[in-house]
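Read left to right, the sequence shown gives residues 28 to 292 (this note's numbering).
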Amino acid sequence: MEIKRVKLFPNNNDKSLKLAKYLNNQLLEQGFILDDDNYVLAIAIGGDGSYLRMLKETEFNSNIYYIGINTGTLGFLQEIKPEEINTFLHKLKEGFYKIEQIGIQETTITTTKTEEYFYSLNEILIRDKNLKTTNLLVKIDDVILEKYTGDGLLIATSIGSTAYNLSLGGSIVYSDLHTLQITPVAPLNTRSYRNILNSIVIPESKIIDIIPGNNNKDLMIIVDGENNIYNNVEKISTSVSKKKIKCLRMNDYDYTKIINDKFLK
Ligand code: NAP
Ligand code: MN
Numbered sequence: 028m029e030i031k032r033v034k035l036f037p038n039n040n041d042k043s044l045k046l047a048k049y050l051n052n053q054l055l056e057q058g059f060i061l062d063d064d065n066y067v068l069a070i071a072i073g074g075d076g077s078y079l080r081m082l083k084e085t086e087f088n089s090n091i092y093y094i095g096i097n098t099g100t101l102g103f104l105q106e107i108k109p110e111e112i113n114t115f116l117h118k119l120k121e122g123f124y125k126i127e128q129i130g131i132q133e134t135t136i137t138t139t140k141t142e143e144y145f146y147s148l149n150e151i152l153i154r155d156k157n158l159k160t161t162n163l164l165v166k167i168d169d170v171i172l173e174k175y176t177g178d179g180l181l182i183a184t185s186i187g188s189t190a191y192n193l194s195l196g197g198s199i200v201y202s203d204l205h206t207l208q209i210t211p212v213a214p215l216n217t218r219s220y221r222n223i224l225n226s227i228v229i230p231e232s233k234i235i236d237i238i239p240g241n242n243n244k245d246l247m248i249i250v251d252g253e254n255n256i257y258n259n260v261e262k263i264s265t266s267v268s269k270k271k272i273k274c275l276r277m278n279d280y281d282y283t284k285i286i287n288d289k290f291l292k
């Protein structure tokens, strides 16, 4: 797929808007076409939040390429630094890039009245609606894994493993593995409540079902950082989606380098 048509997704801060304007002009000068309706490359300009918003706005489109330019604080998902923008344009023009298929998460929430279906890039976090202790039955492919009691369960993708998951003590998973990781949030651990205290990494083919206990069917479900309340939840089913998104990477992109760069430098 030749990259000719581009759409920019800047956030609203001055630095991002200024950079978007510069990039816009440079792209035009180099023969690219800026087209908001018909494009093959989507470029987020901002922090990781902007990248997440771009994916939501484009409905996790598997027919286009995604990349980000970091004007935010961390920008783990945002490969290009502002000072690299000319190198980026050169590589884009010459085809010095590769495509990485990224696993995303698909979730269905069934309540007594509704069924809702959505994608996420980083994770979902399941908590009690009033942030009280929550009881959740966890099944993997219909087999009981545990009866969890604690603040909640976070279920993260590989690309999301370096976000909220990491702060909760979960592991970093290379993004070319398409997994989900169940990470407990403050699990109770007494004689009366036995929980798995560490993260569990689940392979792509399996379906994770979460069934809330009888006294806490009203849940807060946080999807890539956005809160939603669901009442009378019967079941949450989540898995790695068969649909993948395509991330554009520069030819020297290396996940090990990114981890070292973002967390240790
Ligand atoms: P935010 O409050 O700006 O995000 C919190 C931090 O997570 C930011 O530094 C953000 O980077 C970083 N981040 C987001 N996705 C990442 C990824 N895949 N790998 C490594 N770091 C990542 O909120 P936001 O920008 O809207 O992002 C929402 C995400 O924030 C959620 O999906 C969740 O993973 C994360 N979050 C983390 C915590 C925590 O660690 N305690 C709490 C709430 C939410 P930027 O600075 O570049 O935006
Ligand atoms: Mn942010």
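By construction, the Cβ of each residue, glycine as well, lies at the ideal position given by its N, Cα and C atoms. This structure is a prediction, so every number in the text was calculated from the model and none was measured.
Per DSSP, which residues does residue i bridge with? Please list them.
| i | result |
| --- | --- |
| Phe-145 | Thr-134 |
| Met-277 | Tyr-124 |
| Tyr-175 | Leu-163 |
| Arg-32 | Ile-60 |
| Leu-181 | Leu-152 and Thr-210 |
| Tyr-49 | Per DSSP, none; premise fails for Tyr-49. |
| Pro-239 | Leu-163 |
| Val-228 | Gln-208 |
| Leu-295 | Given a span of 28 to 292 for the chain in the structure shown, any question on residue 295 remains unanswerable. |
Please indicate yes or no: does the CB of residue i lie closer than 7 Å to some heavy atom of ligand 1?
| i | result |
| --- | --- |
| Ile-186 | yes |
| Ser-43 | no |
| Asp-63 | no |
| Phe-115 | no |
| Gly-102 | yes |
| Ser-194 | yes |
| Ala-1 | The requested residue 1 is not part of the displayed model; the chain covers only 28 to 292. |
| Glu-231 | no |
| Gly-252 | yes |
| Asn-39 | no |
| Asn-255 | no |
| Glu-127 | no |
| Asn-51 | no |
Would you grab the beta carbon distance between residue i and residue j for me? Rounded to a whole angstrom, and I think it's under 8 Å.
| i | j | result |
| --- | --- | --- |
| Ile-238 | Leu-207 | With a Cβ gap of about 17 Å, Ile-238 and Leu-207 do not count as contacting. |
| Lys-289 | Phe-59 | Not really, about 29 Å apart at Cβ, beyond 8 Å. |
Using a beta-carbon distance below 8 Å, is residue i in contact with chain D?
| i | result |
| --- | --- |
| Gly-95 | Absent from the structure is chain D; it holds one protein chain and no more. |
With a threshold of 7 Å (Cβ to nearest heavy atom), would residue i be considered close to ligand 3?
| i | result |
| --- | --- |
| Glu-84 | Absence of ligand 3 is noted for the structure shown, with ligand 1 and ligand 2 being the only ligands found. |
Discussion item. Strictly closer than 7 Å from CB to any heavy atom of ligand 2: give me those residues in the order they appear in the chain.
Written reply: Gly-74, Asp-75, Gly-76, Gly-99 and Thr-100
Worksheet item: Between the stretch 153-170 and the stretch 87-99, do at least 3 Cβ pairs fall closer than 8 Å?
Response: no
Item to complete: Specify whether the stretch 267-276 and the stretch 243-250 touch according to this definition: at least 3 beta carbon pairs, one from each stretch, less than 8 Å apart.
Response: no
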